[in-house]
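Residue numbers (this note's numbering): 13 to 242. The structure under discussion appears below in the form of structure tokens.
Set out below in structure tokens:
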């Protein structure tokens, strides 16, 4: 695990970018937990992809493929998160971190895709999909290709992109599905508390990983209910 020379204890990070960089202060024990948690997430995401593909066999092809997009985006985030903690070479570690942060944008919009497809009136379904995917791809570009590291911007953009698309879905999504969708967002948002303190106490970052997985589980259940037309 790489380390950063600095006098005194590391300062409290002010953004997600800084929090991720502070992970260099954690122990090998922490990093092992980080790899295991999201390594399991990769496997579970692939299982979910196969499950939803079969479950949605009788659904509209657009809804079926939107479920595939969701599970692929989920597996991709967990994969690059795992690699960002497993790789020790500084150059590749930083590259994996950039992909990890960039694919979070894709996970957010990938998660919304089934809900928008099923829950939005036909009149503005396409418009909403274009808007959220444009925002998600712009975020991905900024992290992976443009390599932006602007303090504070990531945190705000993740939260805004994660919550704003829920507003137009409120009136058109079954309440129980919407409730589980919101529950997943709460898990993600609550997990930021541990992410920002990854360098302060043991397994804080692994707890963040678990909160993300709980959020994904909530969203998987919401999509399951959506496919059951609850």
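Every residue gets a Cβ at the ideal spot worked out from N, C-alpha and C, and that includes glycine.
Beta-carbon spacing of residue i, residue j below 9 Å
| i | j | result |
| --- | --- | --- |
| residue 80 | residue 61 | yes |
| residue 189 | residue 234 | yes |
| residue 87 | residue 121 | no |
| residue 53 | residue 231 | no |
| residue 228 | residue 56 | yes |
| residue 142 | residue 173 | no |
| residue 216 | residue 209 | yes |
| residue 85 | residue 138 | no |
6 Å CB neighbourhood of residue i in its chain, flanking five on each side removed
| i | result |
| --- | --- |
| residue 213 | none |
| residue 140 | 128, 132 |
| residue 244 | Given that the chain is displayed from residue 13 to residue 242, the structure contains no residue 244 and the question cannot be resolved. |
Burial state of residue i (16 or more Cβ within 10 Å)
| i | result |
| --- | --- |
| residue 224 | buried |
| residue 156 | buried |
| residue 105 | buried |
| residue 240 | exposed |
| residue 47 | buried |
| residue 70 | exposed |
| residue 125 | buried |
Secondary structure of residue i, DSSP reduced to three states
| i | result |
| --- | --- |
| residue 229 | helix |
| residue 234 | helix |
| residue 105 | helix |
| residue 184 | coil |
| residue 210 | coil |
| residue 241 | coil |
| residue 159 | coil |
Same chain, Cβ closer than 8 Å to residue i, five either side skipped, listed in chain order
| i | result |
| --- | --- |
| residue 202 | 223 |
| residue 49 | 218, 221, 222, 225 |
Close-in-space but distant-in-sequence residues of the same chain around residue i (CB under 7 Å, 5 per side omitted)
| i | result |
| --- | --- |
| residue 111 | 92, 156 |
| residue 175 | 197 |
| residue 42 | 214, 215, 217, 218 |
| residue 45 | 215, 218 |
| residue 119 | 85, 86, 89 |
- Message: Counting beta carbon pairs with one atom in the stretch 98 to 108 and one in the stretch 75 to 89, are three or more of them shorter than 8 Å?
- Response: no
- Query: Do the stretch 139 to 153 and the stretch 191 to 198 meet, that is, are 3 or more Cβ pairs less than 8 Å apart?
  - Reply: no
- Do three or more CB pairs link the stretch 65 to 77 to the stretch 112 to 120 at distances below 8 Å? no
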